[in-house]
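Notes for the one structure printed next.
There are 2 protein chains.
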Amino acid sequence: MNYFSEELDIEAGLKLSRLRIVLVGTSHPGNIGAAARAMKVMGLDQLHLVNPVRFPAMEATARAVGASDLLDGAEVHSELEQSIEGCSLVYGTTARNRQINWPILSPRDAALEIAQTETPVAIVFGREQAGLSNSELDLCQRSICIPTQSQFKSLNLSQAVQIMAYELRMAHLSSESQKQSSIGQEKDPLATASETQLLRTHLLAVMALVGYYDPSYPKLLERRIGRYLNSTNLRHSEVQIVRGFLAAIEQRLGSSAL
Amino acid sequence: MNYFSEELDIEAGLKLSRLRIVLVGTSHPGNIGAAARAMKVMGLDQLHLVNPVRFPAMEATARAVGASDLLDGAEVHSELEQSIEGCSLVYGTTARNRQINWPILSPRDAALEIAQTETPVAIVFGREQAGLSNSELDLCQRSICIPTQSQFKSLNLSQAVQIMAYELRMAHLSSESQKQSSIGQEKDPLATASETQLLRTHLLAVMALVGYYDPSYPKLLERRIGRYLNSTNLRHSEVQIVRGFLAAIEQRLGSSAL
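As they're listed, the protein sequences go chains A and B.
FYI, in my numbering the residues of the first sequence are 13 to 270.
FYI, in my numbering the residues of the second sequence are 13 to 270.
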């Protein structure tokens, strides 16, 4: 699984530095420190603060642990507009039952969308108690809502940042590993319908050859295999691998199934 | 999107109360409180503590905010064995570079696997600095590793609990909405991560047995097969079909590949 790779070139490929976390009107400096740590652990490093109640502050530094460099580098603004300057996409986080008329995304869907882009993006988090105001949300093109249980929605600010930073990392790792594995995939087109059909015939013949059949439901097996092969986007090379394997089985058994 | 629904019957359908969060040897009571809040906001409510350094404690209650009921109901044990009693599956969380010889899952894969089960499950988190000991990990059947950046892995304990609780909620909401939208498919769930892993191992072993390898690129074949199996949503029944086929090949050849 690619996300356990420690290779620095993958880390570099993530380009998470174009992603900005903006905290608006944070009351507790401890939350700013915890948010910085939550960001850094997932590879984010651009922290923007809009009118923090108290910053810099000892509690922020204490909770940041090894992420105090993000606090040192944090940009402090008096207006939300300044903090999102230069961003091509701005996401506002919001509680679920707010009256709004634009699409609300889950953190996962938002992160997948963001991973498809390459320009600066801001994700804006509101005050601990009151969230973002309507006029602040008007500056965002999209809303993100983190699912919580309906009876207790009291998600801590730094925990919200942690979930979003985690989803951003997951989405970028997956997009990066797709990019790496699809190098040269242009030379490996999807299998044609007739290739898939020949594979199905060959597979069933070898299954019969080795005596693998559910004798009571032969048709069920055929149907399942047909359905599976059609539902997956087999590539030309993958069909070749499976057919090569089937041919090797036949050779070992000294008889041809077809 | 179903996870924004506030319907209580969906909430009830999640059955998250069978999921136990076990914190081992926690040093800072504040982290216990923050973990309780992280759990409750995602609908988890079974908190077990093994040898907490200090509990109950004011800092725990302060950080729990509205989740102090989880602290009141928390079971405190002197041995990890007691805390996981009655659990059919136990997951241990671990840093990525530990030497272990069983599968390491991402939080997402683990949550998807757990959402397929209906029995009590425990997820065990270690000490803030030292994690879980090897003998504690020996009591777990699976390991979970949260992906972090390679240069700064200092994930706060309650943040780790938050990510895991969030993934559990997402997986259960998605599984619940699948159940509601497709009656009959419950009999054929998606293959678990470990089923897919076992299939991969079995397949490669039989390929070696029949002498099917691209001798110049053995690793390439392994990688291609791993990628293919992970990219398709294999169902439990499909894994069984392929493994039955592989077993039939072995039987015909009169030798076992594994």
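We treat Cβ as the ideally placed atom computed from N, Cα and C, and that holds for glycine.
Every value quoted in this text rests on a predicted model; they were computed, and no experiment measured them.
Compare the beta carbon distance of residue i and residue j with 9 Å and say whether it is the shorter of the two.
i	j	result
Ile44(A)	Arg75(A)	yes
Met182(A)	Pro115(B)	no
Ile126(A)	Ile175(B)	no
Arg255(A)	Leu210(A)	yes
His184(A)	Lys27(A)	yes
Leu167(A)	His214(A)	no
Leu144(A)	Thr208(A)	no
Ala220(B)	Met219(A)	no
Val173(A)	Ala47(A)	yes
Glu140(A)	Leu117(A)	no
Gly85(A)	Leu59(A)	yes
Val136(A)	Cys157(A)	no
Leu216(B)	Glu188(B)	no
Nearest-angstrom Cα distance between residue i and residue j?
i	j	result
Phe164(A)	Phe257(B)	50 Å
Leu35(A)	Ala72(A)	13 Å
Glu1(B)	Asp150(B)	In the structure as shown, chain B starts at 13 and stops at 270, and residue 1(B) therefore has no counterpart that could be examined.
Tyr225(A)	Pro201(B)	22 Å
Pro68(B)	Ser29(B)	22 Å
Ala177(B)	Ala134(B)	12 Å
Leu180(B)	Leu124(B)	8 Å
Ser9(B)	Ala50(B)	Not covered by the structure: residue 9(B). The range shown for chain B is 13 to 270.
Tyr240(A)	Arg264(A)	27 Å
His40(B)	Gln171(A)	17 Å
Ser267(A)	Ala205(A)	27 Å
Glu23(A)	Ala203(A)	33 Å
Ile195(B)	Gln128(B)	Because Ile195(B) carries a pLDDT of 49, less than 50, the predicted location of this residue cannot be relied on, and the following value inherits that uncertainty. Near 15 Å, if we compare the C-alpha coordinates of Gln128(B) and Ile195(B).
Thr131(A)	Cys99(A)	7 Å
Glu262(A)	Tyr103(A)	57 Å
Arg236(A)	Ala142(B)	48 Å
Leu56(A)	Ser155(B)	26 Å
Leu31(B)	Gly37(A)	36 Å
Ser147(B)	Gly138(B)	12 Å
Thr244(B)	Asn242(A)	12 Å
Leu101(B)	Val222(A)	36 Å
Leu3(B)	Gln161(B)	With chain B running from 13 to 270 in the structure shown, residue 3(B) is simply not present.
Arg120(A)	Ser95(A)	24 Å
Ile253(B)	Ser186(B)	26 Å
Gly42(A)	Glu97(B)	37 Å
Met54(B)	Gln190(A)	30 Å
Gly238(A)	Ala107(B)	42 Å
Under the three-state reduction of DSSP, which class applies to residue i: helix, strand or coil?
i	result
Tyr272(A)	Residue 272(A) falls outside the range modelled here, since chain A spans only 13 to 270, and no answer is possible.
Ala134(A)	strand
Leu101(A)	strand
Ser166(B)	coil
Gly143(A)	strand
Ser186(A)	helix
Val77(B)	helix
Gln94(A)	helix
Gln58(A)	strand
Ser155(A)	strand
Val218(B)	helix
Val88(A)	strand
Val34(A)	strand
Arg66(B)	coil
Thr204(B)	coil
Leu117(B)	strand
Glu23(B)	helix
Ser29(B)	helix
Looking at residue i and the ligand GTP, is the gap between the Cβ and the nearest heavy atom below 8 Å?
i	result
His60(B)	The ligand GTP is absent from the structure shown, which contains no ligand whatsoever.
Taking Cβ-Cβ distances below 7 Å as the criterion, which residues of the stretch 152-181 of chain A are in contact with chain B? Residues of the stretch 152-181 of chain A whose Cβ lies closer than 7 Å to any Cβ of chain B, in chain order: Cys157, Pro159, Thr160, Gln161, Ser162, Phe164, Lys165, Ser166, Leu167, Asn168, Gln171, Gln174, Ile175, Tyr178, Arg181.
For the stretch 92-107 of chain A, which residues have a beta carbon sitting closer than 9 Å to at least one beta carbon of chain B? Cβ contacts with chain B come from no residue of the stretch 92-107 of chain A.
Residues of the stretch 51-76 of chain A whose Cβ lies closer than 8 Å to any Cβ of chain B, in chain order: Answer in chain order: Lys52, Val53, Met54, Gly55.
Contacting positions in the stretch 204-227 of chain A - beta carbon closer than 9 Å to chain B: Flagged, chain order: Leu215, Val218, Met219, Leu221, Val222, Gly223, Tyr224, Tyr225, Asp226.
Could you name the residues of the stretch 32-52 of chain B whose beta carbon sits closer than 8 Å to any beta carbon of chain A, in the order they occur along the chain? Flagged, chain order: Ala46, Arg49, Ala50, Lys52.
Contact residues within the stretch 123-150 of chain A, judged by C-beta distance below 8 Å to chain B: Contact residues of the stretch 123-150 of chain A toward chain B are absent (C-beta to C-beta distance below 8 Å).
Contact list for the stretch 258-270 of chain B against chain A, Cβ threshold 7 Å: Those residues of the stretch 258-270 of chain B that come within reach of chain A (Cβ to Cβ, closer than 7 Å) are Ala260, Ile261, Arg264, Leu265.
Residues from the stretch 77-88 of chain B in contact with chain A, defined by Cβ distance under 9 Å: Within the stretch 77-88 of chain B, the residues whose Cβ lies closer than 9 Å to some Cβ of chain A are Val77, Gly78, Ala79, listed in chain order.
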